[in-house]
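Taking it in order: structure first as structure tokens, then the write-up.
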């Protein structure tokens with residue numbers, strides 16, 4: 001608790017993703033008051049031409065608080 005799953009276009013380095021994951025973990029710790037060891041972060045790269053179909057399927061049923069406008 002909690003797990004953050006990030007979907008993004010391919011092309012970012014492992015270092016960039018690790019830095020972003022670290023920042024997300026710190027934000028969650030600060031905002032939710034939990035310990036860092038209970039926060040997990042994953043990444044899934046989705047090609048731009050498949051983005052809409054994949055995202056629509058993968059986030060179906062989730063509560064969306066900020067929606068992208070493509």
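Residue numbers (the numbering used here): 1 to 70.
The beta-carbon is built from N, C-alpha and C at its ideal position, and this holds for glycine as well.
Could you check where the alpha helix (DSSP H) with residue i kicks off and where it finishes?
i, result
"residue 58", "51 to 58"
"residue 20", "14 to 32"
Determine the contact status of residue i and residue j, defining contact as a CB-CB distance below 8 angstroms.
i, j, result
"residue 24", "residue 41", "yes"
"residue 29", "residue 2", "no"
"residue 47", "residue 10", "yes"
"residue 7", "residue 55", "yes"
How many angstroms separate the CA atom of residue i from the CA atom of residue j?
i, j, result
"residue 34", "residue 17", "22 angstroms"
"residue 32", "residue 21", "16 angstroms"
"residue 66", "residue 26", "21 angstroms"
Select from the options the residue whose C-alpha is nearest the C-alpha of residue i.
i, options, result
"residue 58", "69, 45, 21", "45"
Determine the DSSP secondary structure at residue i, reduced to helix, strand or coil.
i, result
"residue 38", "helix"
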